[in-house]
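Residue numbers (this note's numbering): 199 to 627.
In this text, a Cβ means the ideal position worked out from N, Cα and C, and glycines have one as well.
To start, the structure under review is shown below, and the notes come after it.
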Amino acid sequence: MADDRMLLAGGRVIDPASGKVRLVDILVEDGRIARVGKGIRARDAQRIDCRGKHIAPGFIDMHCHLREPGYEDAETILTGTQSALVGGFTRVCPMPNTDPPVDSEAMVRFQIERAEQAGYASVHPVGCCTRNRAGKELAEIGSMREAGAVAVSDDGDWVSDPRVMRRALEYAKAFDMPVISHCEYDGLSDGVSNEGLVSTRLGLRGKPWPSETAAAARDIMLAEFVGARVHIAHVSCAATVDLIRWAKLRRVQVTAEVCPHHFTLTDASLAGFDTNFKVNPPLRTEPDRLAVVEGVVDGTIDVIATDHAPHTSIAKEVEFDKARPGIIGFETAFSLGYEQFVLSGLMSPARYIEKLTLAPARIMGLRTPSVAEGTEAELVILDLKAQWTFSSAQIMSKSHNTPFLERTMQGLVVGGVLGEEHFWLLHAA
Ligand code: DOR
């Protein structure tokens, strides 16, 4: 629990809006940022020594899976939002592929209320595009919007019927929401890994890259035609990055995200048939990985999202072909991106933080994350020098399906403040 007054003293504040990093103190009172400035004196406030640390607005994950309702053995809204907070995500947008799927006002309200009861990261649900995620008729897009849904998607599946997708874009436009497209073309997507040298050598059924790029092309063209917003989820291959770059030049209202596993790993990792490397879309080749990195750096890809996809050990500890795709992602995302984009010298810390804060807020129509006086305190404390090793014992998610166990990384979320209820310090600040 946070004290009423708290002084975060001596940290460097990263402001993604201005790109500036300033050495200032932050006084938090009753869960709000009361003052930001140099040398603030507040004798009665709890003092948190942030010297040597950085402070940024809390992160927003616009693509994750919290599994409730229906798959509570893998994750619940409580455990998922705890895991999110540990990773620095103060707001998350769960995808609707639950059981039953989130395709109605009542389901949207249920998820928001559950998250409020849990009291950790706040939840801004993504509703289904189509009723029951069946791809046939539209879901109740307008009433889901009223209940608090921020986007629509049939994530996990592509909306293969072009008439249905066109209508979804038209409705989403009317309610000023993006349609998030999970791009995997039917008929090209029944593999379990990227189709290429590795899948041939290992005898795995492959999904060729046109499975993603052809699906994205159709949805981008429909979005242009309709004048709607489309967001391409988990971009995995070079051709899709080129396509989005082209579409942005045409001023199509297209945005895109990449997940940490697609910018850190390739299909070469599949040699041991470890199902913790099985994801949808699949890990691709080194040229694809480099292309998505370039896309993030040049702005073609707007957002870094986790696609946190918890699965039980029963769903993962089976043959590669049968294992469920997906990995947990909240607790490693910041560090993996920090190494890939900032330590490498490709991006400044502020530009990197923008991909985790302002960009997803803009796309999902959420309140702008900031470290401004008068706003609710929603802050993360970062140790950018810390080297740490991700261990099973520290995982807060209910599931442990990750390929990053025992990996040593640099850059760590050491704590944060979220409103009146939460101040957490996991590692000595
Ligand atoms: O790897 C994935 N897992 N990709 C998806 O699109 C869905 C997700 C899941 O729900 O497990």
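Which residues DSSP lists as bridging residue i, in chain order
i, result
"GLN585", "GLN608"
"CYS262", "PRO292 and HIS506"
"SER320", "ARG289"
"SER351", "ILE378"
"LEU580", "HIS252 and VAL611"
"ALA454", "ILE430"
"ARG233", "LEU225"
"GLU574", "ARG230"
Endpoints, beta strand (DSSP E) assigned at residue i
i, result
"GLN244", "244-247"
"ALA254", "252-255"
"ILE224", "218-227"
Nonlocal neighbours in the same chain, by C-beta distance under 7 Å from residue i, ignoring five residues either side
i, result
"VAL450", "ILE418, ALA421 and GLU422"
"SER590", "HIS598 and LEU603"
"CYS326", "PRO294, PRO299, VAL300, ASP301, ALA337, VAL350 and ASP352"
"GLU537", "MET607, GLN608 and GLY609"
"ALA627", "Any reading at ALA627 must be qualified, since the residue scores a pLDDT of 45, below 50, and its modelled position is unreliable; the value itself is stated next. Cβ neighbours of ALA627 beyond the five flanking positions: ILE246, ASP247, CYS248, LYS251, ILE579, VAL612 and GLY613."
Own chain residues within Cβ distance below 6 Å of residue i, not counting five before or after
i, result
"GLY617", "GLY229 and GLU574"
"ASP374", "none"
"PRO267", "THR296"
"ALA559", "ILE258, THR566 and PRO567"
"MET199", "Reliability of the predicted coordinates at MET199 is poor, the pLDDT of 43 falling under 50, and the value obtained from them is presented with this limitation in mind. Excluding residues within five positions, none has a Cβ falling inside 6 Å."
"ALA513", "ARG522"
Other residues of its chain near residue i: CB distance less than 8 Å, five sequence neighbours each side excluded
i, result
"ASP242", "ARG203"
Endpoints, alpha helix (DSSP H) assigned at residue i
i, result
"GLY209", "Element bounds for GLY209: not the alpha helix (DSSP H) but the beta strand (DSSP E), 203-213."
"TRP444", "436-447"
"VAL396", "395-400"
"THR411", "408-424"
"ALA282", "275-284"
"PHE621", "Not the alpha helix (DSSP H): PHE621 falls in the beta strand (DSSP E), residues 620-623."
"VAL477", "Run containing VAL477: none; DSSP gives neither H nor E here."
"ASP486", "484-496"
"PRO558", "556-562"
Expected contact under 8 Å - CB spacing of residue i and residue j to nearest Å
i, j, result
"ALA431", "HIS261", "6 Å"
"ALA349", "CYS291", "7 Å"
"VAL569", "VAL211", "5 Å"
"ASP301", "ALA337", "4 Å"
"PRO458", "GLY527", "6 Å"
"ASP193", "HIS380", "Residue 193 is absent from the model: the chain starts at 199 and stops at 627."
"VAL433", "ILE499", "6 Å"
"SER391", "GLY401", "At roughly 10 Å, the Cβ-Cβ gap does not stay under 8 Å, so SER391 and GLY401 are not in contact."
"PRO508", "HIS263", "7 Å"
Any chain C beta carbon closer than 8 Å to residue i
i, result
"HIS261", "In the structure shown, chain C cannot be found, because there is only a single protein chain."
Residue i Cβ short of 7 Å to ligand 3 heavy atom set
i, result
"ARG522", "The model on display carries ligand 1 but not ligand 3."
Cβ contact (3+ pairs, closer than 8 Å) linking the region 356-368 and the region 272-282: no
Inter-stretch contact (C-beta, 8 Å, three-pair minimum) for the region 470-479 and the region 512-532: yes
Contact between the region 476-489 and the region 547-564 (3+ Cβ pairs under 8 Å): no
Touch test, the region 255-263 against the region 218-225, Cβ-Cβ under 8 Å, three pairs minimum: no
Validate contact between the region 480-494 and the region 454-472 using beta carbons, cut 8 Å, 3 pairs: yes
Any 3 or more C-beta pairs closer than 8 Å across the region 230-250 and the region 502-509: no
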